[in-house]
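Here's the structure we're looking at; comments come further down.
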Amino acid sequence: MATDQFQSPDYYLLDELLTEEHKLVREATRDWVKKEVSPIIEEYAQKATFPRHIVKGLAEVGAFGPYIPQEYGGAGLDQISYGLMMQEIERGDSGVRSTCSVQSSLVMYPIFAYGSEEQRKKYLPKLASGEMLGSFGLTEPDFGSNPSGMVTNFKDMGDHYLLNGAKLWISNSPYCDVAVVWAKNEEGRIHGLIVERGMEGFSTPETHNKWSLRASATGELVFDNVKVPKDNLLPNKSGLGAPLGCLDSARYGIAWGAIGAAMDCYDTALRYSKERIQFGKPIASFQLQQKKLAEMITEITKAQLLTWRLGVLKNEGRATTAQISMAKRNNVAMALDVAREARQMLGGMGITGEYPIMRHMMNLESVVTYEGTHDIHLLITGMDITGISAFK
Ligand SMILES: Cc1cc2nc3c(=O)[nH]c(=O)nc-3n(C[C@H](O)[C@H](O)[C@H](O)COP(=O)(O)OP(=O)(O)OC[C@H]3O[C@@H](n4cnc5c(N)ncnc54)[C@H](O)[C@@H]3O)c2cc1C
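Start counting the sequence shown at -19; every next residue gets the next number (my numbering).
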């Protein structure tokens, strides 16, 4: 892969809306990505291998639980800092950002927000330091967009719960030490359970042959009469709203992350177009190539503004699920469009691992599907503005 020469586009001078702390966090994360992710990521993606060795570094840069209070090992930062970190990490690779989103928003967040004080103290510092890696089990083979239908269930056996079922498409599963698993009790109510690797009957087979998010490990969580201690049930929230609350936090991070992938594609295409000569001129001098670049920077700038405002609302505790859906949907689709156009601008070179564009493009095909598909987010906006659900 060519050297990482990334220059961040800031067409509307949005840096002026950021605090010194935001900029410090962003620069530290960007430097870390340039040093630790860019040089190795193409090789790991080509091999379809999770770069386990960078987990420690992700923890050190504060990417695990950026907004979790420091007393539990988090960085105690605000939501805009969290977003900027996800942007920078996804600028490196969506798979690496996925690892951070799962660890922070889908594992640490539910333990922090719905867990007991003992659970917080037991798990959060280890998750923040990267000593433990987590996964989040909601999706099942027959229940993806409609998780309320889940069949994974647990029975009260007196001194423990007995967990049965299976989860599919689970990020980090093959490497996870703990999993936050959503399952129904005997009354059909959804609860979160913390399942630990090593519990008898718990296995995590890997899903192979993905063309997307190849540097992120994906797999199943299988529960065959797993005895889960009663202390491992998240006591403070139940029902579908509990996992959906985690998804709000992760989708918010994805909205920022997708901008990072788009910025990398745009920046690569801009530089290439000024260097590549055809018909005796840089291809950047042709109107059709300028149109592509101008549209890319326009869409990136709109997404940056949308996301910054969402960050302000999130800091104030006012961001709604529907607002987060809109930003996730818009920014991921925007990033996919930018990646596709940028790929074309590099001609044949665009399909090689010499440049990051094709990898971003393939990664974004997962990002547009997970954490609520593009169409489901549209239905969420539709329901929000009409008051009518078009899901069923
Ligand atoms: C790489 C990867 C990593 C993932 N990581 C995790 C993870 O860590 N944890 C986890 O729990 N899950 C994870 N997922 C699962 C992901 O969230 C689901 O794939 C997603 O929710 C869609 O579910 P599905 O794949 O079953 O598709 P389906 O729900 O079967 O949808 C198929 C198509 O039908 C459309 N559709 C469905 N219902 C409607 C409707 N009512 N109206 C209109 N269209 C509809 C969808 O938009 C989609 O286009 C991951 C997925 C991938 C690909």
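We put the beta carbon where it would ideally sit given N, CA and C, even for glycine.
- Taking the C-beta atoms as reference points, Asn152 is found nearer than 8 Å to Ala197.
- Take Tyr103, set aside five residues on each side of it, and the residues of its chain with a beta-carbon closer than 6 Å to its own are Ile91, in chain order.
- In the structure shown, Ile48 adopts coil according to DSSP, grouped into three states.
- In the DSSP assignment, Ala159 falls within the beta strand (DSSP E) that extends over 158 to 164.
- According to the DSSP assignment, Phe92 belongs to the alpha helix (DSSP H) that extends over 89 to 94.
- Look at the beta carbons and you see the segment 55 to 62 not touching the segment 18 to 28: under three pairs across the two are nearer than 8 Å.
- For Val5, no pairing in a beta bridge is given by DSSP.
- Non-local beta-carbon contacts of Val347 in its own chain, meaning distances under 7 Å to residues more than five positions away in sequence, involve Ser74, Ile234, Ala238, Val312 in chain order.
- Closest option to Leu286, judged by alpha-carbon separation, among Ile48, Thr184, Tyr(-8), Tyr335: Tyr(-8).
- The straight-line gap separating the alpha-carbon atoms of Ile48 and Leu57 is approximately 7 Å.
- The Cβ atoms of Ser218 and Ile170 lie closer than 8 Å to each other.
- Selection Gly110, Gln99, Val161 evaluated against Thr132 yields Val161 as nearest (Cα-Cα).
- In the three-state reduction of the DSSP assignment, Leu57 falls in the coil class.
- The residues Ile239, Asn311, Met314, in chain order, have a CB closer than 6 Å to that of Ala283 in the same chain once the five nearest residues on each side in sequence are set aside.
- Per DSSP, the beta bridge partners of Tyr141 are Asp136, Val208.
- A straight-line Cα-Cα distance of about 48 Å links Lys207 and Leu(-2).
- Of the candidates Ser85, Gly45, Asp(-10), Gly45 places its Cα closest to the Cα of Ser109.
- The nearest non-hydrogen atom of ligand 1 is 7 Å or more from the C-beta of Lys164.
- C-alpha of Asp139 to C-alpha of Asn212: approximately 12 Å in a straight line.
- One thing to note: Gln(-13) has its Cβ no nearer than 8 Å to the Cβ of Asp244.
- Here the alpha carbons of Met306 and Lys147 stand approximately 27 Å from one another.
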